[in-house]
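In my numbering, the protein residues as written are 23 to 145.
Yeah, the Cβ is synthetic: ideal placement off N, Cα and C, and Gly gets one too.
Note that the structure is a prediction, hence the values are computed from the model and not measured.
Please read the structure below before turning to the comments.
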């Protein structure tokens with residue numbers, strides 16, 4: 023009986039050590055992430071791409087399917103991390119979008135999209 027109790031106590035010490043090691047690793051990952059992370063701010067008029075979550079679900083798209091839709095324009099800020107978007111024609115989306123669900127779109131990317139559309143006209 024005492025051998026079983028000693029084994030359980032040893033197991034508990036191993037678990038506590040594992041928890042401490044996990045917390046230490048998580049702290050190191052947080053330090054690394056905080057060094058690399060940059061604040062993302064969006065202003066009215068910025069062009070963004072919206073993440074299409076339904077399309078991006080595992081098994082719902084092929085390797086070359088587009089999982090970003092857009093471009094959209096930021097038309098307002100609903101909270102610190104939710105923004106109102108509209109199409110380039112001015113039609114607003116019905117719900118605000120969290121900033122984690124969209125990505126900044128540069129004018130260079132817009133030019134490439136327009137170029138690709140023009141080249142598809144001739145095929």
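Since residue 115 and residue 70 are thought to touch, with beta carbons under 8 Å apart, how far apart are those beta carbons, to the nearest angstrom?
-> Contact flag wrong, Cβ pair sits at about 11 Å.
Identify whether residue 55 lies in helix, strand or coil by the three-state DSSP scheme.
-> Looking at residue 55 - three-state DSSP - the assignment turns out to be helix.
How many Å lie between residue 75 and residue 47 at the Cα?
-> Cα to Cα, the separation comes out at about 31 Å.
In three-state terms, what does DSSP make of residue 31?
-> Residue state, collapsed to three classes: helix.
Compare the C-alpha of residue 65 against each of 32, 117 and 94 and name the closest.
-> Nearest C-alpha to residue 65: 94.
Length of the line joining the Cα atoms of residue 72 and residue 119 = For residue 72 and residue 119, the gap between their C-alpha atoms comes out near 8 Å.
Coarse secondary structure for residue 23, derived from DSSP in three states = DSSP places residue 23 in coil when its eight states are reduced to three.
Of all the options 29, 96, 104 and 86, which has the alpha carbon lying nearest to the alpha carbon of residue 113?
-> Among 29, 96, 104 and 86, the Cα nearest to that of residue 113 is on 96.
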